[in-house]
Structures are given as C-alpha cells and as structure tokens.
Amino acid sequence: MEDRAEVVFLEPDYDVTGKIRALSGISPELCYQCRKCTSGCPLTFAMDYYPDQIVRYLLLGLEEKVLSSATVWVCSACETCTTRCPNEIDIAGLMDYLKQQAHARGLVRPKENLSYAFHKAFLDDIGRRGRVFETGLLQRYMLSSGAWKAKLSDGTLWEEIRLGLALFRRGRLPLRPRGIRDTHELRRLFEKAPVSSENTTQSSAS
Ligand code: SF4
Ligand code: SF4
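Residue numbers (my numbering): 83 to 288.
Okay, structure coming up:
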C-alpha cells in the first residue's frame with residue numbers, strides 16, 4: 083500500500099504577528115518572502131530555520147516552533163538582515179524579541195544553554211551599568227553555564243587563560259568595570275521592554 087504523508091494546510095494567523103507588533107513595534111506581516119535577509123545572513127550554516135522561514139512561520143502562527151528553534155540563539159544580532167530588508171522589517175530586533183519570549187515561556191532547548199547563558203550574562207551587565215565589563219562577563223558566563231568544566235576536561239581552559247593574560251597585558255581586559263552616567267534612564271528602558279533584564283537575571287538563577 084502506498085505510504086502518503088499527511089498534508090496540513092496552514093492559514094495566516096495575525097494574532098501572533100499582532101502581538102509582536104504591539105510588544106516590539108516590528109511588523110513581520112509586511113514580509114513578501116524575497117529572502118534577501120537569508121541570503122545576506124553570515125550564520126545560516128548553523129541555523130535550523132533561515133531568517134525568512136522564521137518570519138514565515140510566525141505569519142502562519144507557528145510561534146512555539148520558532149521559539150524552540152536554534153536560529154533564535156545562533157543569531158548574533160549583526161543586523162545585516164535588517165539593513166537588507168526592502169520592507170524595513172527589523173529582523174535582528176525580532177530575533178531579540180524572540181529570545182526574550184523563549185526565555186519567558188521556558189522554551190529554550192537545553193542544546194542552546196551556552197548561547198542562552200551568554201545572552202543573560204551580557205544583558206545583566208548592560209542592565210546594571212550600560213556597558214559590558216568583559217572580565218566579569220566571562221567569569222559569570224563560565225560559572226553560570228558550566229562551560230568551564232568542558233573546557234577543563236578538553237584542555238582548552240588553559241589556552242583561554244593564556245589568551246586572557248595576553249589580553250590583560252595589552253590592556254584589553256580591564257580589572258574595574260566602567261558604567262554610563264545615567265543608569266536611571268537605562269532602568270526605565272529595561273522596564274519598558276516586554277521582558278525586563280531583571281526577569282532574565284532572576285530566571286538564570288533558578
Ligand atoms: S528581506 Fe524582509 S521581505 Fe524579504 S524575506 Fe526577509 S523579512 Fe521578508
Ligand atoms: S542579525 Fe541574525 S539573522 Fe540577521 S543577518 Fe545577522 S545573524 Fe543573521
């Protein structure tokens with residue numbers, strides 16, 4: 083007997099895109115699938131879905147599929163896609179929004195834990211002082227993600243320590259953090275965000 087795959091017909095679902103627009107100001111429904119975003123993205127080799135597919139899935143209401151994807155965490159926010167989009171869709175901003183939503187809804191896959199831990203350590207730094215303090219960021223990332231254990235067992239930890247010392251000797255790794263003057267304004271920005279850095283930090287501790 084012939085084995086036929088089940089065909090599922092999907093309709094556009096504007097509830098998902100409406101929510102995205104309300105919370106982030108980004109309008110994925112303007113996409114006409116030209117794929118210019120994907121053809122410029124330098125990280126598609128590591129993604130499970132391409133940027134244009136992420137936008138398409140959101141238009142079809144497949145939000146959980148997108149939130150549990152690797153793509154959201156692979157994206158480095160380089161903004162090439164945003165610059166190339168003829169419809170001015172801020173895809174890099176959309177990826178950032180999706181990171182926050184994936185975290186808030188507990189949909190980050192365990193495989194993405196390292197990227198997730200780095201993202202949280204980075205946001206925590208920015209939320210605290212408005213600037214990244216690389217030395218502290220590295221320490222927090224290593225400890226919170228457990229990445230140091232894997233690096234210790236495969237010997238790469240010592241290479242990284244040597245590299246860190248070389249950077250320190252050249253004055254590239256400061257020992258004291260520096261922040262911006264107006265942290266009040268910064269806190270206000272984080273409070274306005276759909277998911278604040280405070281929530282992000284709290285969850286990282288749990
Ligand atoms: S570049 Fe813009 S319009 Fe083209 S596929 Fe990507 S998001 Fe859609
Ligand atoms: S911002 Fe992310 S999705 Fe866009 S081009 Fe850069 S890595 Fe790719």
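Glycine included, each C-beta is placed from N, C-alpha and C at the ideal position.
Quick caveat, the model's predicted, so the values are computed rather than measured.
Rounded separation between ARG270 and LEU234 - CA only = As a working mapping, residue 270 is identified with position 188 in the sequence shown. As a working mapping, residue 234 is identified with position 152 in the sequence shown. So the alpha carbons of these two residues sit roughly 40 Å apart.
Answer with yes or no whether the minimum CB distance from SER227 to chain C is below 8 Å.
-> Looking for chain C here will not work: only one protein chain is present.
Quick one: what does DSSP say VAL89 is sitting in, helix, strand or coil?
-> If you number the sequence shown from 1, residue 89 lands on position 7. It is coil, neither helix nor strand.
Of the residues THR120, LEU205, ALA248 and ARG210, the one placed nearest THR162, counting alpha carbons only = For the purposes of this step, residue 162 is taken as the residue at position 80 of the sequence shown. Just measuring C-alpha positions, the residue of THR120, LEU205, ALA248 and ARG210 sitting nearest THR162 is THR120.
8 Å CB neighbourhood of SER226 in its chain, flanking five on each side removed | Position 144 of the sequence shown holds residue 226. Hits under 8 Å: ALA199, LYS202, ALA203 and SER286.
What's the gap between the Cα of PHE91 and the Cα of ILE136?
-> The count along the sequence shown starts at 1 and reaches residue 91 at position 9. The count along the sequence shown starts at 1 and reaches residue 136 at position 54. Near 18 Å, if we compare the C-alpha coordinates of ILE136 and PHE91.
Rounded C-beta distance between SER109 and TYR179? I'm assuming under 8 Å.
-> Position 27 of the sequence shown, counted from the start, is the residue given in the question as residue 109. Position 97 of the sequence shown, counted from the start, is the residue given in the question as residue 179. That belief does not hold up - the Cβ atoms of SER109 and TYR179 are roughly 12 Å apart, past 8 Å.
Under a three-way DSSP split, which group does ASP264 fall into?
-> Position 182 of the sequence shown, counted from the first residue, corresponds to residue 264. ASP264 falls in the coil class under three-state DSSP.
Run through DSSP, which three-state label would SER106 get?
-> The count along the sequence shown starts at 1 and reaches residue 106 at position 24. Residue state, collapsed to three classes: helix.
Less than 8 Å separating the beta-carbons of LEU212 and THR265?
-> Residue numbering aside, residue 212 sits at position 130 when the sequence shown is read from its first letter. Residue numbering aside, residue 265 sits at position 183 when the sequence shown is read from its first letter. Looking at the sequence shown, residue 212 is not Leu but Gly. Yes, the pair counts as a contact, with Cβ atoms nearer than the cut-off.
What is the C-beta distance between TYR131 and THR153, in whole angstroms, given that I count them as a contact (C-beta under 8 Å)?
-> Against the sequence shown, residue 131 aligns to sequence position 49. Against the sequence shown, residue 153 aligns to sequence position 71. With a Cβ gap of about 5 Å, TYR131 and THR153 count as contacting.
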